[in-house]
Amino acid sequence: MAYGTSIGDYSSDVRLFKRRAGVAALICLLMVAILLVRLAKLQIVEYAYFSDLSENNRVRLMALPPNRGLIYDRNGVILAENRPTFHLELIPEQVDDLEATLKGLSEIVSLSESNVSEFRDSLRTHRSFESISLRTRLDDVEVARLAVNRHRFPGMDISARLTRYYPQGESAVHAVGYVGRINEKEMEAINRGHYRGTSHIGKTGLEKFYEDELHGMVGHQNVEVNAEGRILKVVDKVAPVPGNDLFLSLDIELQKVAEAALGDNYGSVVAIEPQTGEVLAFASTPTYDPNLFVHGISFAKYKELQQAEGKPLFNRTLFGQYPPGSTLKPFVGLAGMESRKVSTDEKIKCKGHYLIPDDETERKYRDWKKTGHGMTDMDDAIEQSCDVYFYSLAYQMGIDTIHDFLAKFNFGQKTGIDLYGERRGLLPSRAWKRKVHKTKWYPGETLIAGIGQGYMLATPLQLASATATLANKGVNIQPHLLKSIRLTESGEMEVFEAKEKRFNLRSPSHWNDMFRAMKKVVHGVWGTARATGVGMEYKMASKTGTAQVFGIAQDEEYDEETVAKKLRDHGLFIAFAPYESPKIAVAVVVENGEHGSWMAPIARKVMDHYLLKKDKKISPAGQTNAE
Amino acid sequence: MLNKTQVFEVNYDSHLARALRVINIDPVLFLGIFLLSGIGMGILYSAGDGSIELVQKQVVRMSLAFLVMLVVAQISQRQLYFWAPWFFALGIILLMLVLAAGDVGKGAQRWLDLYVVKFQPSEMMKLITPMMLAWYLSERPMPPGAKSLLISAILVVLPTVMIASQPDLGTAILVAAAGFFVIFLAGVRWRVLVAAAVAGLAFIPVLWRLMHDYQKQRVLTLLNPESDPLGSGYHIIQSKIAIGSGGLYGKGWLNGTQSQLDFLPERHTDFIFAVFAEEFGMMGAIVLLSLYVFIILRGLYIASKAQDSFGRLLAGSLSLTFFVYLFVNVGMVSGILPVVGVPLPLVSYGGTSMVTLMAGFGMLMSINSNRRLLSR
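Listed in order, the protein sequences are those of chains C and Z. Sequential numbering from 8 applies to the first sequence in our numbering. Sequential numbering from 2 applies to the second sequence in our numbering.
Structure (structure tokens):
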């Protein structure tokens, strides 16, 4: 239709429009009248009332920020508390001689030039009866000196404020997290009313996850101020309600044992109580001091931490995704028994390599042991970590069978721990590869997946959770760091309710078969971690794992001497104990740790401490065991 | 283009007015807008604690917005008509993109990050929606029949729902209003309007269920501001005190204690009217509201003189939408409407809405020049 040729009678259209526009104009005027009536009500009828509020008795509403809830470990040891910090302030109108006071104070406490210049700046913008900060965070000696000299400086005030403090320092920082100043982005996300008067908010870890519990309820008071804004009296007051206290499942002593056992390595140790899903230890090394962040970390310091070797800010337990390597074998072995592809007494011959049947390329899939393991059954294959056995088993099952069974152990899914940002790891399948890589699945990839390499990835937390599920015979309990919350208002304890999933095997005896095989890893004659079993007062079921960081060509040799440390294999270890009735499940991952068997002593230290309640001196994680 | 008749017609005008008309600017509307923004600067200076910095920034933005108005005024009405459906399609696509991949700011996804600039497609819809409806209805018999009405309703509801689910209630209301005004001005029968109003009332419980928690909170707070004095109620309590204590004549410029002593939050953006009412009182408010009414009436006048239905409907809707800004903002600041993020047009500090408003005025002026060109 050409532009401008309107249908209908032109003049009637215009008349209709004018009528409507007239009505609209009238309605507008009417609504303006409504606004004017409203304004008249506020400004004329209720003028006296509002004027009173505003002019004569300016009632100022002041927020009373709540104290943040505390965080304890499972034994009541404090992990996060609020400590008073002291600040030096001056009330200008009470100071006789400002210059002399500043000079005198600078002889007692250290005052930088920026302290003084910032003070002078705020002097101009504040009223003379308002106290102005001169120095923040005085140390004990300074507070004492100032207190003694107080009479010399009228108008000087030492104010105390509560600030978050983490007495355990670097320990458990990746679980507990820290608080920091509320930034603009957070300001937009929170209910500002609830945060009036509060300057800090949980930034990471549990401090962030349980922010709503820890924060508490803000209180407020109406104070009468005079025309200049000086407080005359408190009119009414609603007291703040402190935040709820958290009691964690974490055992800080065990946590420290785990961190010490990791030593200078970059890695992670997770310990879970299988029956409850309670996370007993949640270590990621290297760590850092959360107290740095509470008062605002300097940019230089932050950059240093960010770029430091080993990336201390990186939470390996939650975010680190590693190929599980041979630690996956017990799960693949169970899948084999479940899918009737193998029985425990069936033997296959390991010649040191595996060839895919009818494969024209004749690519050799090599065992870690060049000479092979000979005739191998399930027990041998787990005990000695035979690759060929699992190549064969994986090939028979196919990737989708493996995928579906491992999914029951939460591989490739979030464990649901009470922390933000958990990684899923990766549990490959045909469908996944088609979707992401747009290519078909190759049989060789099934073999590699069968020994926990290739696309397979898992976080240390996932490994620990899967191990706990294994120890629990198919009962998967959501791992959690929070045990209970003490509600401030009622004083009641609210217990964390973990989600539970369970599945059954075709034959429950398969659990026992796998446990028996895993026991041999430490306690068997040929076990890959047999050296760790010496003098052990309980029996442990476990599996070592070594994950390749980079691929080795077909005929290339892996030479530890020449390979740079960051390219060395990752060492992994999963275990639960006591074998008869598991009380603790542990996963250890050490980056570039080279051999899973070398990680076994780390797990043992943790278990010794937890099960025997004493810190036994055993050989440090080192080259005492051979795979 | 200038011809003899026109020069003859406006020979009583000043040279300035003539110069403005040459560049398609309506001097009367321009005067209103100019006065209003001038007053706005004055209040902003007071609301910003006497800081000239805010005013400077606002001047820069205002100049930019005036430039946008000038550019839009040069676009012929024919072009606006031609592009309306294309813009509408583009706008809907961008809204979908925002919902799918928008940046989350203030707990809402409104912004589309184009790497170079971030912009809010919902803002453009305030202009595009009435353009589209005017485009659609102008070529159909008036008053519109049932089928045209149904399609028109869809054209309004679609962008409104998409914007409301970002969630951005304030913009959604303005877009819905702009669309509705076109339909209203096209002469939809009164009984249809009454039926729609009844249906709308019945829909309120459903709407309540669909609202976000913070939106519900605002409505509840309106009913009882004292229930949450530190949170959303704080705004309303403080702004009522500011307005009420202004009285008939106000406390004088820069002397509003509520504003100057930091009681009043967001006083340079959405709540700037409270600052004005405190310092200039009821009398000042009457003057300010009169200025708004003047601009709106001039807009409706331009609409009624427009050469065809498209121009009439678009100009009329833009003018009435401008009124909705005013009513919703003053209504919320004085505590008779819930707090939705609608600025006081041409006065509140902030860039995005100002550019949209001025682009709208640019369209009004384009429609106005079209009349003069055709009627010569």
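Every residue, glycine too, gets a C-beta built ideally from N, C-alpha and C. Values in this document were obtained by computation on a predicted structure and should not be read as measured data.
- The beta carbon of residue 143 of chain Z sits closer than 9 Å to some beta carbon of chain C.
- At least one CB of chain Z lies nearer than 9 Å to the CB of residue 35 of chain C.
- In chain Z, no part has a C-beta under 7 Å from the C-beta of residue 477 of chain C; the shortest such distance is about 40 Å.
- At a cut-off of 9 Å between beta-carbon atoms, residue 256 of chain C makes no contact with chain Z.
- Distance between residue 281 of chain C and residue 590 of chain C, taken at the CA atoms: about 6 Å.
- Runs of alpha helix (DSSP H) with 4 or more residues, each lying fully within the region 261-341 of chain C, are found at 298-301, 306-314, 323-326, listed in chain order.
- Annotated as proximal: residue 185 of chain Z and residue 31 of chain C, with beta-carbon spacing under 9 Å.
- For residue 241 of chain Z, the neighbours in chain C by C-beta distance under 8 Å run, in chain order, 49, 57.
- Segment contact: the region 393-400 of chain C against the region 342-359 of chain C, three or more CB-CB distances shorter than 8 Å; contact assigned.
- Within the region 290-318 of chain Z, those residues whose Cβ lies closer than 7 Å to any Cβ of chain C are, in chain order, 290, 294, 297, 298, 301, 304, 305, 309, 310, 313, 317.
- Within its own chain, the residues whose Cβ lies closer than 6 Å to the Cβ of residue 593 of chain C, once the five positions on either side in sequence are excluded, are 278, 582, 610, 613, listed in chain order.
- Neighbours of residue 278 of chain Z in chain C, taken as residues at a C-beta separation under 9 Å, are given in chain order as 46, 49, 50.
- C-alpha of residue 202 of chain Z to C-alpha of residue 133 of chain Z: approximately 27 Å in a straight line.
- Neighbours of residue 352 of chain C across chain Z, judged by C-beta separation under 7 Å, do not exist; the nearest C-beta is about 56 Å away.
- Within 10 angstroms of the beta-carbon of residue 125 of chain Z lie 16 or more other beta-carbons, which makes it buried.
- In this structure residue 318 of chain Z is not in contact with residue 297 of chain Z, their Cβ atoms being roughly 12 Å apart against a cut-off of 8 Å.
- Cβ neighbours of residue 268 of chain C within its own chain (closer than 6 Å, five residues either side excluded): 609, 612.
- Within the region 181-207 of chain Z, contact with chain C at the beta-carbon level (separation under 7 Å) is assigned to 185, 186, 188.
- By the rule that beta-carbons nearer than 9 Å mark a contact, residue 130 of chain C does not touch chain Z.
- Residue 597 of chain C is positioned such that its CB atom lies closer than 9 Å to that of residue 577 of chain C.
- Along the region 322-347 of chain Z, going in chain order, the ones with a CB nearer than 9 Å to a CB of chain C are 324, 327, 328, 331, 332, 335, 336, 337.
- Taking 4 residues as the minimum length, the alpha helix (DSSP H) runs contained wholly in the region 53-97 of chain C are 54-58, in order along the chain.
- With distances taken between CA atoms, residue 179 of chain C lies nearest to C:296 out of C:296, C:251, C:432, C:138.
- Annotation: the continuous beta strand (DSSP E) that includes residue 140 of chain C extends over 139-145.
- Inside the region 446-480 of chain C, DSSP marks whole alpha helix (DSSP H) runs of 4 or more residues at positions 450-457, 467-478, from first to last along the chain.
- Against residue 282 of chain Z, the close residues of chain C are 50, in the order they occur along the chain (beta-carbon pairs closer than 8 Å).
- Here the region 51-62 of chain C lies against the region 240-249 of chain Z, with 3 or more beta-carbon pairs under 8 Å apart.
- Within 7 Å of the CB of residue 25 of chain C, the CB atoms of chain Z belong to 305, in sequence order along the chain.
- When DSSP states are grouped into helix, strand and coil, residue 281 of chain Z belongs to the helix group.
- In the structure shown, the three-state DSSP call for residue 335 of chain Z is coil.
- Our two residues, residue 26 of chain C and residue 197 of chain Z, have alpha carbons roughly 20 Å apart in a direct line.
- Residue nearest to residue 196 of chain C within the set C:519, C:575, C:218 is C:218 (criterion: CA-CA distance).
- The C-beta distance from residue 160 of chain Z to residue 100 of chain Z rounds to 12 Å, too long to meet the 8 Å contact threshold.
- Per DSSP, reduced to three states, the secondary structure at residue 166 of chain C is strand.
- Among the residues of chain Z, none has a CB under 8 Å from the CB of residue 230 of chain C; the nearest is roughly 13 Å distant.
- Residue 355 of chain Z counts as buried, since at least 16 other C-beta atoms from the protein chains shown sit within 10 angstroms of its C-beta.
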